[in-house]
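Heads up: the protein sequence lines correspond to chains A and B, in order.
Residue numbering for the first sequence follows the numbering used here, starting at 101 and increasing by one per position.
Residue numbering for the second sequence follows the numbering used here, starting at 356 and increasing by one per position.
Ideal placement from N, C-alpha and C gives every residue a C-beta, glycine not left out.
Take a look at the structure below.
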Amino acid sequence: DVKVTQSSRYLVKRTGEKVFLECVQDMDHENMFWYRQDPGLGLRLIYFSYDVKMKEKGDIPEGYSVSREKKERFSLILESASTNQTSMYLCASSPYSGGVSYNEQFFGPGTRLTVL
Amino acid sequence: AQSVTQLGSHVSVSEGALVLLRCNYSSSVPPYLFWYVQYPNQGLQLLLKYTSAATLVKGINGFEAEFKKSETSFHLTKPSAHMSDAAEYFCAAPTGAGSYQLTFGKGTKLSVIP
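Following this line, the structure appears as structure tokens:
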């Protein structure tokens, strides 16, 4: 079974702190994604990566950055946390098969971040 | 660009009643569609997926969905609701042809009344 793990289930940080959210997948997937989930807004894509050291902005990248130094690990960084970044953060990965990306994504358990 | 619409942010059914959760998409290129389920304080879990092999797709926990190209719909059904079905359900489709990304609907929270 594909396993996607996230470093923390719950995290409380103070405004202005630098926050690192880590995600690791064990199935050698090429693609990795970071979403935030807020009530009534569904899942919104922050960043995704289709290869090591490659990244693409999603729909809401402002205030975030990412790092992918190894294929299995994708980190989300909040450079200076703010209260409006309080949210559930979900990491996902997906394989790339031949000339067509199959798109099925496998999700981690989520990190509920509270910024005070 | 792809858009995915789920009608009804909250749906309540009685235990044993039919579950129907609606999903409409705007573009069927490529024709892959997904339903995910999220239990409280957990990540999303794949419920079922449509990959052009058959229009009626069976998933886990007795759920199924039917792809209707003419209606651009992919509604999720279950004949008899169980208390354990209470969760949030998300429909998703590829953002575009050749895209790695998925576009998700805003979700439907299902409540099951005993």
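When 462/B, 467/B and 469/B are compared against residue 361/B, the one with the closest alpha-carbon: 462/B
Sufficient close CB pairs (3 or more, under 8 Å) joining the stretch 449-469 of chain B to the stretch 381-397 of chain B: yes
Under 9 Å from the C-beta of residue 457/B: neighbouring residues of chain A: 133, 143, 145, 192, 194, 203, 204 and 205
Beta-carbon neighbours of residue 150/A, restricted to chain B and to distances below 9 Å: 455
C-beta contact flag for residue 208/A and residue 191/A at 7 Å: yes
Where the beta strand (DSSP E) containing residue 188/A begins and where it ends: 187-194
Beta-bridge partners of residue 449/B, as assigned by DSSP: 457/B
Coil, strand or helix - residue 424/B by DSSP: helix
Contact set for residue 175/A: own chain, Cβ-Cβ below 8 Å, skip 5 residues either direction: 120, 121, 122, 123, 166, 167 and 168
Residue 400/B - containing beta strand (DSSP E), residue span: 399-405
Contact under 7 Å by Cβ, residue 394/B with residue 442/B: yes
Unbroken beta strand (DSSP E) run spanning residue 211/A, endpoints: 211-215
Assumed close pair residue 109/A, residue 212/A - CB separation to whole angstroms, cut-off 8 Å: 7 Å
Residues of the stretch 399-432 of chain B whose Cβ lies closer than 9 Å to any Cβ of chain A, in chain order: 399, 400, 401, 404 and 406
Where the beta strand (DSSP E) through residue 122/A begins and ends: 119-125
Per-residue burial, residue 203/A [other beta carbons within 10 Å of its own, 16 or more giving buried]: buried
Contacting positions in the stretch 363-390 of chain B - beta carbon closer than 9 Å to chain A: 364, 385, 387 and 389
Opening and closing residue of the beta strand (DSSP E) in which residue 379/B lies: 374-380
Below-7 Å beta-carbon distance, residue 464/B vs any chain A residue: no
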